Structures are given as structure tokens and as C-alpha cells.
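Below is one structure, written out as C-alpha cells; comments come after it.
Number of protein chains: 2
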Amino acid sequence: MDVRSQKTYEALFALEDLREILRETSPTHELNNEQSKRFHDILQRVKKTLEEIEYNKSGSEIKYLADRIELRLREEDHINLNPIQAGGRLTPEARKALIAYGDGYSVCDHCLKPFRLDYIKRPPVQEFYSELADFLNMDAVRVVKGARSGFQIVANALLDKGDTALIAEVGHYSLALAIESAGAEWKEISLDENNIITAENTQKKIEEVKRDTGKLPKLIAIPHIDYTYGNEHKVKEIADVAHEYDIPFLYNGAYTVGVMPVDGKEIGADFIIGSGHKSMASPAPTGVLATTREYAEKIFKTTSNRGDISGRSFGIKEVYLLGCTVMGAPLIAMMASFPRVKERVKHWDQELKKIEYFIKEFLNIEGNSIISELPRRHTFTKVDCTNSFDKVAQTHKKKGFFLYDELDKRKITGIFPGATKQLKLSTYGLTWEQIKYLTEAFKDIAEKHGITVK
Amino acid sequence: MDVRSQKTYEALFALEDLREILRETSPTHELNNEQSKRFHDILQRVKKTLEEIEYNKSGSEIKYLADRIELRLREEDHINLNPIQAGGRLTPEARKALIAYGDGYSVCDHCLKPFRLDYIKRPPVQEFYSELADFLNMDAVRVVKGARSGFQIVANALLDKGDTALIAEVGHYSLALAIESAGAEWKEISLDENNIITAENTQKKIEEVKRDTGKLPKLIAIPHIDYTYGNEHKVKEIADVAHEYDIPFLYNGAYTVGVMPVDGKEIGADFIIGSGHKSMASPAPTGVLATTREYAEKIFKTTSNRGDISGRSFGIKEVYLLGCTVMGAPLIAMMASFPRVKERVKHWDQELKKIEYFIKEFLNIEGNSIISELPRRHTFTKVDCTNSFDKVAQTHKKKGFFLYDELDKRKITGIFPGATKQLKLSTYGLTWEQIKYLTEAFKDIAEKHGITVK
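So the sequences go chain by chain: A and B. Just remember that the numbering used here sits 266 ahead of the position in the first sequence, which is counted from 1. Just remember that the numbering used here sits 266 ahead of the position in the second sequence, which is counted from 1.
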């Protein structure tokens with residue numbers, strides 16, 4: 267058994283215990299006898315653990331990091347295919363940022379006038395926001411508490427009771443809830459026969475809403491890549507149609523911003539929303555909300571109200587953002603990942619080559635097919651195993667769980683336990699070695715269970 | 267110079283680089299030559315760093331953890347008096363949780379039907395929610411993205427356009443914005459002559475709103491301890507008055523939940539809101555929103571809408587929460603801190619003894635006075651130095667910054683740079699050694715600048 271991942275945690279945790287002694291004794295760090303003993307014991311323990319890592323020697327093993335909370339070894343010891351987790355894996359820089367900036371309001375050490383998150387210069391939050399706007403080719407950007415928080419900000423700013431907003435038939439539930447929470451209604455635009463949202467169907471739906479309610483929709487919000495098929499929708503053409511009717515267009519980039527190039531001006535987006543934990547190598551809950559000069563004033567509206575007793579006002583604070591948003595560790599982690607994120611979007615073509623390779627091999631297993639559009643335009647892919655693995659499941663004593671178990675034995679995870687008909691997976695961020703290991707594993711499982719492999 | 271804190275970071279970061287090699291080579295961990303060399307180099311480097319820590323030897327020093335982001339040594343090498351940061355300092359368990367669960371959707375590894383954060387059993391999120399409700403003596407609780415997110419959920423669920431909500435003259439701006447973002451108006455309840463919000467003034471304001479608008483306020487939201495004076499307001503009596511008018515009462519526990527005992531039923535709160543990053547030893551953005559059986563259905567309303575094309579519904583998802591809230595590292599860190607948080611509230615009396623001691627000594631500096639109520643009921647305290655340090659500032663070449671600099675030289679931080687008239691500080695969580703060091707430092711600075719110390 268390989269214990270290196272676990273032992274690496276063990277060493278990291280011991281160093282956190284060491285750090286705690288430094289915190290307890292700050293600022294003099296004059297350790298009393300008990301602290302001194304504890305300090306040296308920890309150092310000896312870490313040294314021993316380093317030996318165990320070096321020689322891959324098992325020793326005593328820890329299972330929990332704290333009360334009932336297990337270690338998480340999913341990314342260290344497995345290939346993780348879960349499509350919502352692939353783009354949100356942290357970079358080493360982000361992990362270091364979490365270590366250093368974990369404490370509550372850690373970002374606020376040097377918060378000076380005008381006292382708003384996006385004006386903080388140390389650490390360089392202000393610069394980051396500006397670089398983020400450039401990255402998306404938009405005029406203004408804010409970090410928000412997840413993509414859904416971005417949807418809510420736009421919905422609150424734009425929608426009133428009785429208004430209608432259009433979403434895709436494969437739009438995310440959190441977008442629907444954001445619209446509903448603002449008191450408005452959401453209606454769906456149908457997929458075409460290829461499971462794509464098109465400009466044509468968008469226009470039809472606009473006309474339908476106009477006819478049925480007497481009013482145009484107030485917002486059109488479409489994912490570039492959806493969470494059901496991982497298909498690419500016609501965002502540029504949809505933006506054009508929306509603008510013909512003077513309806514603002516929200517580009518939902520939860521699966522694109524941070525993994526593939528996104529150019530807001532090129533798309534014609536009025537709003538771009540991205541997800542930190544889904545695609546920007548950031549911890550939850552983080553997201554980005556970018557907009558144009560035209561809409562910035564509306565969605566980033568500052569308050570003009572005054573206290574009727576105190577007379578105070580909070581002029582600089584943005585109403586729909588509730589002032590400062592992500593004030594600590596997750597923001598700094600997002601910033602720390604950003605240089606690598608900017609770089610990795612340039613290599614999106616490589617990621618597409620890997621999913622292509624995977625699919626080619628996967629289709630060598632008789633009965634397998636691909637539900638997502640082909641060729642793939644994203645690594646998030648829905649596959650069909652009804653005529654392969656699901657047939658095995660019909661007679662297997664573990665039923666559908668056999669596939670999960672077989673993958674798990676090979677240290678592959680992220681497939682929904684028990685599913686053998688349709689599976690969602692993403693190969694994003696895997697190395698070529700991992701891709702090859704993965705395809706061999708699927709073929710191996712197929713052969714073991716009597717499925718022909720070409 | 268003591269380099270142990272910095273070197274501890276260095277070792278932690280090196281181990282993260284080691285961990286990255288394990289991630290790159292998962293699941294086989296067959297390292298190629300380059301990886302193998304890198305792996306062993308890192309191990310040697312950590313060993314050297316451990317030696318440097320053991321003997322407090324300076325060596326090469328790192329300043330940044332990633333591109334332009336400095337190390338943060340505020341809690342390791344200083345006494346930090348910033349009152350918004352005191353209760354949000356992480357426990358070692360929370361720091362370990364961040365190390366293990368940093369990746370985006372880390373909490374979702376074992377998310378099964380019905381697919382909602384608060385049903386996850388592994389890690390034990392579901393149990394945590396239930397223990398958290400017990401801890402506050404409330405019927406239902408949700409973790410939310412900061413206290414302000416809790417305010418917004420309640421405001422969205424309860425307030426319509428044209429409604430009025432009452433807040434304290436010293437209510438937090440984010441509460442005002444949450445009300446405003448829901449389209450409602452906020453009005454203030456005055457402090458009495460002792461800077462306390464009382465039931466009497468609450469009743470007066472209710473009557474005033476009724477007279478002026480013809481309608482009762484829809485919500486009364488009062489901080490138990492405010493952010494201006496750190497004074498304790500008459501929440502129990504205010505809850506009684508609110509209920510006489512059938513108005514729901516929101517207890518803002520941003521400065522109390524997690525540091526002092528809070529019993530929702532005893533207070534008569536319809537909503538309790540707490541802040542993870544302010545008082546629960548958790549990273550931002552985290553908070554808790556607890557309520558009664560009566561209000562749970564309203565504020566945790568699930569959606570009943572259906573897609574007009576797809577026919578899908580998201581029945582289990584809570585509209586005002588936008589479904590799942592804090593899906594990753596900050597939630598697990600909050601859970602990891604919780605056992606210590608439950609324990610620490612039992613020792614609140616000790617924290618009050620420390621602030622009492624501090625004040626006694628601080629008042630031995632001639633000219634100093636305390637603006638907050640006395641005796642202190644919270645460690646968050648506003649002091650006045652107009653007749654002591656501010657007099658020095660008048661003629662000092664650094665003006666008000668002399669005090670910040672003098673404290674900084676003594677490794678004390680968290681006071682607003684340049685301020686010498688009124689200062690906000692909190693002694694929460696400091697050891698007795700630190701409290702004594704702190705009081706001596708203030709007296710030392712006073713004497714150095716010719717202020718009489720008794």
C-alpha cells in the first residue's frame with residue numbers, strides 16, 4: 267500500500283500543530299517547558315514522517331483530520347472523473363494561499379478608505395479585479411460567492427415581480443431559483459434536435475412570451491456549455507437575437523471561464539458569470555460576475571439611502587452585492603491560482619485532444635456510445651453504456667454498483683455510484699499517462715465482464 | 267530575528283509541492299526521473315527547514331506564497347486586536363480541514379439523493395446541522411455565505427416592496443443593504459442615553475412607522491452586540507415587544523454566536539444569524555441562519571415551479587438559499603472548529619475577566635477613558651485616547667501614526683493606522699500572558715511619550 271499521500275497529510279497537520287504553538291506564544295515566542303517539549307516532539311514526529319514518505323514505509327496511520335471528518339485523498343490517490351470537480355481542483359499556489367489566509371477576515375488586514383474589498387491593495391485584490399476584467403474582455407468585474415450569487419445579483423437588479431426571464435431547457439437550477447427568488451418567472455428555450463440551444467429557438471420563445479404576456483422577457487441567460495450534455499450552445503447568435511429585442515444577454519460560463527478562452531466582447535455578452543469552484547481552480551463558494559460599462563451602474567448600484575436617526579449612509583457599498591463579498595481565504599486562493607488559470611486556457615486544444623482520445627478508445631468497447639455532441643467541444647461528456655456495462659449490471663449481484671466498484675478498485679472515481687446506463691464524466695486536467703491508464707481500465711473492466719473490445 | 271513562523275510556512279508550502287507530485291502521478295504514483303528527483307529534493311529541503319525551525323536559524327527567506335501575495339504572519343507573530351478578526355481566527359483543526367478539503371466541490375464526493383448539502387452524511391454535514399440547531403436552541407438551521415447572506419434570505423422571504431424593517435441606529439450596513447436589495451425600506455431605532463437599544467425605543471418606533479405608513483414594520487432586526495460600541499442591547503425585551511405586535515424578531519449574533527452562549531428560545535428569537543468568519547473560527551464567507559418551526563417553511567421554502575418545456579422541477583432545493591450554499595472548504599473548516607467553539611463559549615466569563623483586566627490597566631494611563639458600557643459584557647471595546655495618545659499625536663512628526671508604529675514595533679496590530687482619538691479593539695482569545703504583554707506595551711508607550719501612568 268502506498269502511504270505517501272496520507273503521510274504527507276500527517277506531516278502537514280503536524281506542522282499546523284507547530285504553528286499553533288507559535289500563535290499561542292506570539293509575539294515573544296518564549297516557550298514554556300510544556301510548549302517547548304510539545305514543539306520538539308512535533309519536529310521529531312515530522313522528521314519521522316518524512317522518512318516514512320521517503321521510503322514509502324507505513325507507520326501509524328491517521329484517518330480523521332478532526333472529529334468525524336475523514337482525510338480526503340480523492341485527488342492524491344485517484345483519477346477523479348466527476349465533471350463538477352475537474353476544473354475546481356486547486357493549484358499548489360491556491361493550497362498555499364489557504365494555509366496562509368484561512369483566518370476569517372484575513373484579507374482585511376490592510377483595508378483602508380474607502381473600505382471595500384475591491385479597493386484593497388495588499389494583498390493585490392484591486393489589481394486582480396482589473397486583470398480579471400481584461401481576461402474576460404469585459405469592462406467591470408466582481409468576485410461573488412459562486413456563480414449562483416452572480417445570477418441572483420443580476421436577477422435582483424433587473425427583474426421585478428411579473429417579469430419573465432428565459433433560460434435554456436438545460437439551464438442550471440440555481441439560475442431558475444435566482445429568478446424565482448427575485449419574484450420573477452423563468453421560461454425555457456427548447457433544445458433543437460441536436461440538443462443545442464439556437465438563436466432560432468430563442469427568437470421563437472421571445473415571440474411566444476411577448477404574445478402570451480404582452481411583454482418582452484427582461485433577461486436571456488444561456489450556458490455556453492450545459493451541465494446535462496456538455497454541449498456548446500450558440501451564445502454569439504443568441505446574444506445577437508437578444509439585442510435585436512433590446513434584451514440583455516447573460517452568458518453562463520460556469521463550465522468555460524477558467525478552462526477555455528472566453529471573450530465577452532466577441533460574444534456580445536452583457537453579463538458573464540463564471541464559477542470559481544467549478545472552473546477556476548478555486549475553493550467554494552466563489553464566482554465572477556463581469557459586465558459592460560452600460561450595465562455596471564445598474565447591477566453594481568451603490569446605496570443612496572440614509573439612516574433616519576443616525577444620518578449615516580453607506581455610499582460606496584454595492585446594494586445587490588451586499589457590500590464586500592468573498593472576504594477571506596477563497597478569494598486569495600482564486601488570486602493565487604489565476605496565473606495558472608490564465609495560462610491553462612491557452613492549452614484548451616490539448617484538453618480536447620485528450621477527451622477525443624478517451625472517446626475513441628471508449629468506443630472500442632462494444633455497445634458504448636456518446637450522448638454529447640461530436641466532435642467534443644468540451645471535456646464534460648455524457649456517455650451511454652446501456653448496451654455494454656448496463657447489460658452486465660442486469661445479472662451482476664452488485665447490480666449497477668459493479669462498475670463503480672471495478673473503477674474504484676482501479677482507483678478511478680467520480681462516476682455516480684450504481685449508474686451504468688448514462689454516465690457523465692470529464693477528463694479535464696488529466697495527464698496523458700492518466701488518460702491512458704483510464705482508457706485501459708475501462709477496456710479491462712469490459713473484457714473481464716465479457717464485453718467485446720475492438 | 268525569530269524565523270520560526272516563516273520557516274513553518276516554508277515547510278508547509280514545500281509539502282504542498284510534494285503533494286502536487288502525488289496528484290500528478292495518481293493513482294499509480296510511479297514517478298519518472300524528473301518527478302523522483304523533485305520529490306527527493308523537496309524532502310531534503312523540508313528536512314533542512316525543520317533544522318532551521320528547531321534551532322531558530324535564519325536561512326533563505328520566502329516573502330511571497332505566490333505571485334505578489336505575501337505571507338500572512340499576523341496571527342503567528344503579533345497580538346492582533348482587530349475586533350472583526352478575533353473570533354474568526356481558525357483553530358488548528360479548521361486549518362487542517364482547509365488543507366484537506368480546499369478543492370472546489372470537495373464536500374460533494376458522497377452527495378447522494380436527495381442531492382442537497384445538508385443531507386450529506388460523509389463528511390457528516392447532516393449531523394453538524396443538527397448539532398448546530400441544538401447549540402443555538404433553535405428548530406432548524408442552515409449554513410449560509412456569511413451573516414449578510416442570512417439577512418438577505420430573511421429579507422427576500424419576508425419583505426415586499428413598500429415594506430419597512432426596523433434596524434438599530436448601530437445596525438450593520440449589510441443588514442440595511444439586504445433590506446434595500448429586497449426592495450423594502452429600513453428605519454432606525456434610536457439608542458438610549460447609554461447607547462443601548464431598548465424595548466421602549468423599539469415600541470416607539472413601531473408606533474411611529476404605523477402612524478406614518480399605516481402599516482406595521484414587517485421585521486425587527488437587532489444586534490445583540492453592536493459593531494460601534496460593542497454594547498449589549500436588550501434583545502429579550504425587544505423580542506417581547508416585537509411579538510406583541512406579531513412582528514418577527516431577528517437576533518443578529520454576528521459578535522456572539524460562537525464566542526458566548528446564545529439560547530434562541532430563551533431570547534425568543536424567530537431568526538438567529540451568526541457569522542462564521544467573525545465569531546465561529548471559520549473562513550469567510552460563512553454564517554449560520556437558524557429559525558423556528560413556525561418560520562422554517564417560509565424562509566427555507568422549496569421551489570414548486572416546473573420547466574414549461576422540460577417539465578423538470580427542483581423540489582428539494584430551497585429558493586432563497588439558491589439550493590446548496592457553502593459547498594467546500596469553508597464549511598468543513600467550520601465543522602472542524604465546532605467542537606472547540608462549543609467548548610469555548612462555556613468560558614466566556616474568562617474572556618470578560620481578561621478585558622476587565624485590560625481596561626483596569628489601560629485606565630491607569632492618564633487621560634484614557636472607555637466609550638463602551640461598563641462593566642464590559644463583550645471583549646469588543648471602544649476606548650478614548652483624546653486626552654492621552656491623541657495629545658501626543660498633535661505634536662508628533664508622524665502625527666497619529668506614531669501610536670500604530672509604536673504598537674507595531676512591539677508586534678501589536680489591528681488598531682486602525684493613524685487613529686489616536688477613538689480606537690476599537692478586542693482582546694478575545696488572547697492568553698493571560700498576551701494580555702499582560704499588551705497592557706505593559708500600552709503603558710510603556712504612554713511613559714515614553716510623557717503621559718503619566720499610575
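The C-beta atom is built at its ideal place from N, Cα and C for all residues, glycine as well. Note that this is a predicted model, so its numbers are computed, not measured.
| What do you get for B/M267, buried or exposed, if any count of 16 or more other CB atoms within 10 angstroms of its CB means buried? | exposed
| Which residue's Cα is closest to the Cα of B/E327: B/C374, B/F279, B/H306? | B/F279
| message | My parser needs the beta strand (DSSP E) runs of 3 or more residues fully inside the region 497-552 of chain A; what are they? | response | 515-519, 537-541
| request: Quick one: grab the DSSP three-state call for B/K648. | output: strand
| query | Less than 8 Å separating the beta-carbons of A/K677 and A/H344? | reply | yes
| Quick check: the region 547-556 of chain B against the region 590-601 of chain A, are there 3 or more CB pairs under 8 Å? | yes
| request: Specify, as a first and last residue, the run of the alpha helix (DSSP H) that B/I241 falls within. | output: Because chain B is modelled from 267 through 720, residue 241 of chain B falls outside the range shown and cannot be assessed.
| said: I'd like to know if B/L516 contacts chain A, where contact means its C-beta is closer than 8 Å to some C-beta of that chain. | reply: no
| beta strand (DSSP E) runs contained entirely in the region 543-610 of chain A, provided each spans 3 or more residues | 553-557
| request: List the endpoints of the continuous beta strand (DSSP E) containing A/S692. | output: 688-692
| message | Suppose only complete runs of 3+ residues qualify. What are the beta strand (DSSP E) ranges in the region 386-419 of chain B, listed by chain order? | response | 406-410
| query | Between A/V409 and A/M600, is the Cβ-Cβ spacing less than 8 Å? | reply | yes
| query | Tell me which same chain residues have a C-beta within less than 7 Å of the C-beta of A/L288, skipping the five on either side of it? | reply | H295
| query | Is the region 483-501 of chain B close to the region 641-658 of chain B, with three or more CB pairs under 8 Å? | reply | yes
| query | Which residues mark the beginning and the end of the alpha helix (DSSP H) in which B/I445 is found? | reply | 439-447
| query | Between which two residues does the alpha helix (DSSP H) carrying A/T274 extend? | reply | 270-290
| query | DSSP on A/T718, reduced to helix/strand/coil? | reply | coil
| field | Pairwise C-alpha distance: B/G530 and B/L424 | value | 20 Å
| request: Would you identify the three-state DSSP class for B/A431, choosing helix, strand or coil? | output: strand
| field | Own chain, CB closer than 6 Å to B/A352, minus 5 neighbours either side, in chain order | value | S692, Y694, G695
| request: Identify the continuous alpha helix (DSSP H) that holds A/A659 and give its terminal residues. | output: 655-661
| query | What first and last residue would you give for the alpha helix (DSSP H) that runs through A/A363? | reply | 358-367
| query | For the candidate residues A/E632, A/S635, A/L640, whose alpha-carbon lies nearest to that of A/L618? | reply | A/L640
| query | Helix, strand or coil for A/I486 per DSSP? | reply | strand
| task | Excluding the 5 residues preceding and the 5 following B/G412 in the sequence, name in chain order all residues of the same chain whose CB lies nearer than 6 Å to its CB. | result | P551, G553
| With burial defined as no fewer than 16 other Cβ atoms inside 10 Å of the residue's Cβ, what is the status of A/P208: buried or exposed? | An answer regarding residue 208 of chain A cannot be provided, because it is not within the stretch 267 to 720 covered by chain A.
| Local conformation of B/L669 per DSSP, three classes | helix
| field | Sub-8 Å separation of A/S358 and B/I335 beta-carbons | value | Reading the sequence as shown, one finds Pro at residue 358 of chain A and not Ser. No, these two residues do not count as a Cβ contact at 8 Å.
| query | Using a C-beta to C-beta distance shorter than 7 Å, which residues of chain A count as neighbours of B/L673? | reply | Chain A residues near B/L673: none, gap ~11 Å exceeds 7 Å.
| said: Would B/V475 pass as an interface residue toward chain A - the criterion being a Cβ-Cβ separation below 8 Å? | reply: no
| request: Report yes if the C-beta distance between B/C374 and A/I350 is below 8 Å; otherwise report no. | output: yes
| Beta-carbon of A/M593 versus every beta-carbon of chain B: anything under 8 Å? | yes
| query | Closest by CA to A/I463, which one among B/K323, B/K714, B/I575, B/N322? | reply | B/I575
| Rounded C-alpha distance that separates A/T705 from B/G573 | 37 Å
| said: Could you check whether the region 474-492 of chain B touches the region 432-441 of chain B, counting it as contact only if at least three pairs of C-beta atoms, one from each stretch, sit closer than 8 Å? | reply: yes
| query | Is the beta carbon of B/A595 less than 8 Å from the beta carbon of B/S654? | reply | no
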